[in-house]
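Notes to accompany the following structure.
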C-alpha cells in the first residue's frame, strides 16, 4: 500500500528545531516531503511574493527525505510545493510547524505557520498547523511531538470533517502534565501594542514593535482557556471571514441605484 | 462640533492614485490623517515587521492633511498610527484603499489593503476596505469615489452593527452603469496557480507567481456574484476563523490524558 504523501512546512525556517520535530512525527505516518523558507518568516501572515522571483534549493538535512528551501514566504512554499514540485502527486496532508510560539486566538491571522496551513487548505488539502507555546530555539518538543503524533494518526484515519484546517497549540509544560486534547473555538483577544522608540547611529528615530497579548474571552471553552489548563487546543478553522450575523443589521447599506434621485 | 478623526491607509503605497481618491472622499466626512507604506505592499496579507525597525517620515502630498509614509507593511502602518502617532486621539473610522484591484472572495486573506482594515478592526476601530476591480495605475476612480462617499457617510451616521469591518469592492464600469450596493457574503473561490519558470542571467532557475482566480460559489448572493452584475459588494467581515460547524464532527479528537493507557 502506498503511504500518503505528507507535505511539511513552517515559518521559522528550514533549520528550526520545530520542523525537524514535525518531520520525525510525520514520517511515522506517510512519505514526507519538505518545502520551507530559507530564513525565519514569523509574522509574515498570508503574504505572497508578487514582485520578485522565487528560488528553490534542494537540501540534504533530513536523511532520506526530499526537502527544498525556498526564498519566499510560508504561503509561497505551499504554492510551489502544490503547483510545481509535486504537481503530479496527491498531497494527502499538509502539516506546518511545529511553531516556536503560540498561534492561539487571533494569532492565527499574523502567523506564517498557520497561513501556510491555510493556503494548503484553500487548495483543497487537509491541513494542520502545530504550535508550541515556547518561543525559544531550544524549546522542548517532547509533548508537542507526542500529541502531534496522536492528531496526525487520527486525522489520517478519520479525516477532517466539516473543515479542512486545524489550528493546534500545545502548552509549554512537560508531557506528563498535559491533560489531553480539547476541540474548541478561537478565543477573542487583542494585542496591546507598544513600540520601542530609539535613535539609530545617525540620530534618526526608529520604532520596534513589541506588545502583550490580552485574552478578552470570558468563555473557557476556547484555545486560550484550555491551554491555560494544560490541554492541547484544536480549533477547526476556515477561511470564511464573513460575519454572517451582521448581514441583516448591515442591510441598511443595500441601495438600488434606480431608487436614487441623481448621482449628485 | 469636532469632526471625527478618519485614518486613511492602503497597500499600494502612499503615492498610488487610489489613496488620493480615498483621501478626497474621507475629507468630506472628517479630519483625515494618513499613514501608508512608502512602497507597494500588495499581497502582503497580515504581515507585521518583527525583526526590523520601522521608520516614519512626514510627507506633504495632500494639501493640509497630516500624512506619514512608513517603511513597514500596511498592518504596521495601522499599529503605528494607533499606538504612536495618534495614541492620544480617538480614531472614529479607518478606511483603507482604494485598492487597485479586487479584494473580493478569498482575496481578503492575501490583501494588504484588507489586512490593514482588519488590523484596525482588531484594535476596536470601525474599519472599511475599498477596492476597485481595476489593477491599472490610471484606473478611473469616479464610481468608486461616489460609492465610498455614500458608504462612509452612512456608516458614520448609523454605525457598523454586529461587526466592525467591511470589505467593499467596486465594479470596474462607468459610474452610471453601477446598479447600487449589495450587502452579501464572501464568495467561495480559489486561485488556480501557475508559476512562470525561467532562467536568470547566471542560468539559475527561478519561479514567478501567476495564476487565475476561479469563483466556486453557485450562490449569486456573494461579493463575486453581485460584482458580476455591476453592484458594489459590501461584505461585513470579522476575524473569527473558527469553523463552528466543525466543532461537533471534530470532537473525536477530544482526548483525556487520564483515559489513556500510557504515553507510550
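Residue numbers (our numbering), protein chains in the order written: chain A, 151 to 414; chain B, 151 to 414.
Yeah, the Cβ is synthetic: ideal placement off N, Cα and C, and Gly gets one too.
Quick caveat, the model's predicted, so the values are computed rather than measured.
Exercise. Do residue 271 (chain B) and residue 394 (chain B) have their CB atoms nearer than 9 Å?
Worked result: In the second chain, counting from the first residue as 1, residue 271 (chain B) sits at position 121. In the second chain, counting from the first residue as 1, residue 394 (chain B) sits at position 244. Taking 9 Å as the Cβ cut-off, residue 271 (chain B) and residue 394 (chain B) do not qualify as a contacting pair.
Exercise. Mind checking if residue 175 (chain B) is an interface residue toward chain A, Cβ cutoff 9 Å exclusive?
Worked result: One-based indexing of the second chain puts residue 175 (chain B) at position 25. It does not: the Cβ of residue 175 (chain B) has no partner Cβ on chain A nearer than 9 Å.
Problem set entry | Enclosing beta strand (DSSP E) for residue 402 (chain B) [first to last residue] | Start at 1 with the first residue of the second chain, and residue 402 (chain B) comes out as number 252. Per DSSP, residue 402 (chain B) belongs to no beta strand (DSSP E) and is neither H nor E.
For this session: Check whether the Cβ of residue 195 (chain B) lies closer than 9 Å to any Cβ atom in chain A.
Result: Here residue 195 (chain B) is taken as the residue at index 45 of the second chain, counted from 1. Answer yes: the Cβ-Cβ gap between residue 195 (chain B) and chain A drops below 9 Å somewhere.
Problem set entry | Host beta strand (DSSP E) of residue 250 (chain A) (start-end) | In the first chain, counting from the first residue as 1, residue 250 (chain A) sits at position 100. Where residue 250 (chain A) is concerned, the enclosing beta strand (DSSP E) stretches over 241-250.
For this session: Indicate whether residue 319 (chain A) and residue 254 (chain A) have their beta-carbon atoms separated by less than 9 Å.
Result: Numbered from 1 along the first chain, position 169 holds the residue referred to as residue 319 (chain A). Numbered from 1 along the first chain, position 104 holds the residue referred to as residue 254 (chain A). Cβ atoms of residue 319 (chain A) and residue 254 (chain A): closer than 9 Å.
Exercise. Fully enclosed by the stretch 297-380 of chain B, which alpha helix (DSSP H) runs are 4 residues long or longer?
Worked result: 373-378
Problem set entry | Heavy atom of the ligand GTP within 8 Å of residue 380 (chain A) beta-carbon | No copy of the ligand GTP appears in this structure; indeed no ligand is present at all.
Exercise. Nearest to residue 364 (chain A) by alpha carbon, out of A:331, A:183, A:196 and A:342?
Worked result: What you label residue 364 (chain A) is simply residue 214 of the first chain in a count that begins at 1. Among A:331, A:183, A:196 and A:342, the Cα nearest to that of residue 364 (chain A) belongs to A:342.
Exercise. For residue 218 (chain A) and chain B, any beta-carbon pair shorter than 9 Å?
Worked result: Against the first chain, residue 218 (chain A) aligns to sequence position 68. Not closer than 9 Å to any Cβ of chain B, the Cβ of residue 218 (chain A) fails to qualify, so no.
Exercise. When the Cα of residue 324 (chain B) is compared with those of B:282, B:158 and B:334, which residue comes out closest?
Worked result: In the second chain, residue 324 (chain B) corresponds to position 174, counting from 1. Considering only alpha carbons, the answer is B:282.
For this session: Please classify residue 404 (chain B): is it buried, with 16 or more other beta-carbons within 10 angstroms of its beta-carbon, or exposed?
Result: Numbered from 1 along the second chain, position 254 holds the residue referred to as residue 404 (chain B). The residue in question, residue 404 (chain B), is exposed, as its Cβ has fewer than 16 Cβ neighbours within 10 Å.
Exercise. Cβ atoms of residue 181 (chain A) and residue 154 (chain A): under 9 Å apart, would you say?
Worked result: Residue numbering aside, residue 154 (chain A) sits at position 4 when the first chain is read from its first letter. Residue numbering aside, residue 181 (chain A) sits at position 31 when the first chain is read from its first letter. Their beta carbons are under 9 Å apart, which means residue 154 (chain A) touches residue 181 (chain A) by this criterion.
For this session: Would you mind giving the Cβ-Cβ distance between residue 262 (chain B) and residue 161 (chain B), rounded to the nearest angstrom? I have them listed as a contact below 8 Å.
Result: Translated into the one-based positions of the second chain, residue 262 (chain B) becomes position 112. Translated into the one-based positions of the second chain, residue 161 (chain B) becomes position 11. Right, the Cβ-Cβ distance comes to about 3 Å (below 8 Å), so this counts as a contact.
For this session: Taking residue 203 (chain A) as the query, report the chain B residues whose CB atoms sit under 7 Å from its CB, ordered along the chain.
Result: Locating residue 203 (chain A) in the first chain gives position 53, where the first residue counts as 1. The answer, in chain order, is 356, 357 and 358.
For this session: Compare the beta carbon distance of residue 245 (chain A) and residue 157 (chain A) with 9 Å and say whether it is the shorter of the two.
Result: Numbered from its first residue, the first chain carries residue 245 (chain A) at position 95. Numbered from its first residue, the first chain carries residue 157 (chain A) at position 7. Cβ distance < 9 Å, so residue 245 (chain A) and residue 157 (chain A) count as in contact.
For this session: List the residues of chain A whose Cβ lies closer than 7 Å to the Cβ of residue 388 (chain B), in chain order.
Result: What you label residue 388 (chain B) is simply residue 238 of the second chain in a count that begins at 1. Under the 7 Å cutoff, chain A gives 391 and 393.
For this session: Under 8 Å by Cβ, that's how I've got residue 339 (chain A) and residue 369 (chain A) pegged, so tell me the actual separation to the nearest angstrom.
Result: Taking the first chain and counting its residues from 1, one reaches residue 339 (chain A) at position 189. Taking the first chain and counting its residues from 1, one reaches residue 369 (chain A) at position 219. Rounded, the Cβ-Cβ distance is 12 Å, inconsistent with contact.
Exercise. Three-state secondary structure (DSSP) at residue 391 (chain B)?
Worked result: Looking up residue 391 (chain B) in the second chain gives position 241. Residue 391 (chain B) falls in the coil class under three-state DSSP.
Exercise. Of all Cβ atoms in chain B, is any one closer than 9 Å to the Cβ of residue 320 (chain A)?
Worked result: Stepping through the first chain from its first residue, residue 320 (chain A) is reached at position 170. Residue 320 (chain A) does not count as touching chain B.
For this session: With 9 Å as the C-beta to C-beta threshold (strictly closer), list the residues of the stretch 280-305 of chain A near chain B in chain order.
Result: 296, 297, 300, 301, 304 and 305
Exercise. Based on Cα-Cα distance, which residue from B:207, B:258, B:165 and B:266 lies nearest to residue 232 (chain B)?
Worked result: Here residue 232 (chain B) is taken as the residue at index 82 of the second chain, counted from 1. Closest by alpha carbon: B:266.
Exercise. At a Cβ cut of 7 Å, what residues of the stretch 247-263 of chain A count as close to chain B, listed as they run along the chain?
Worked result: 256, 258, 259 and 260
Exercise. Taking 9 Å as the CB-CB cut-off, is residue 172 (chain B) touching chain A?
Worked result: As a working mapping, residue 172 (chain B) is identified with position 22 in the second chain. Closer than 9 Å: no.
Exercise. Taking 9 Å as the CB-CB limit, is residue 365 (chain A) close to chain B?
Worked result: Residue 365 (chain A) sits at position 215 when you count from the first residue of the first chain. Not an interface residue.
For this session: May I ask you to verify whether the stretch 236-252 of chain A touches the stretch 179-198 of chain A, counting CB pairs closer than 8 Å and requiring at least 3?
Result: yes
Exercise. Are the Cβ atoms of residue 196 (chain B) and residue 260 (chain A) separated by less than 9 Å?
Worked result: As a first step, residue 196 (chain B) is located in the second chain; it is residue number 46 there, counting from the start. As a first step, residue 260 (chain A) is located in the first chain; it is residue number 110 there, counting from the start. Yes, these two residues count as a Cβ contact at 9 Å.
Exercise. Which chain B residues are close to residue 323 (chain A), counting only those with a beta carbon under 7 Å from its beta carbon?
Worked result: The residue you call residue 323 (chain A) lines up with position 173 of the first chain. By Cβ distance, chain B contributes nothing, its closest Cβ being about 12 Å from residue 323 (chain A), past 7 Å.
Exercise. Just curious, the alpha helix (DSSP H) that residue 157 (chain B) is in, first and last residue?
Worked result: Here the question's residue 157 (chain B) lines up with position 7 in the second chain. Where residue 157 (chain B) is concerned, there is no enclosing alpha helix (DSSP H), although the beta strand (DSSP E) it sits in stretches over 155-159.
For this session: Examine chain B for any beta-carbon lying closer than 9 Å to the beta-carbon of residue 199 (chain A), and answer yes or no.
Result: Residue numbering aside, residue 199 (chain A) sits at position 49 when the first chain is read from its first letter. Answer yes: the Cβ-Cβ gap between residue 199 (chain A) and chain B drops below 9 Å somewhere.
Exercise. From A:298, A:376, A:303 and A:304, pick the residue whose C-alpha is nearest to that of residue 332 (chain A); which is it?
Worked result: Counting from 1 along the first chain, the entry for residue 332 (chain A) is found at position 182. Of the candidates A:298, A:376, A:303 and A:304, the one whose C-alpha sits nearest the C-alpha of residue 332 (chain A) is A:376.
Problem set entry | Interface residues of chain A facing residue 399 (chain B) [CB-CB closer than 7 Å] | Position 249 of the second chain, counted from the start, is the residue given in the question as residue 399 (chain B). The answer, in chain order, is 311 and 312.
Problem set entry | Simplified DSSP assignment, three categories, for residue 408 (chain A) | On the first chain, position 258 is the one that residue 408 (chain A) refers to. Residue 408 (chain A): helix per DSSP, three-state reduction.
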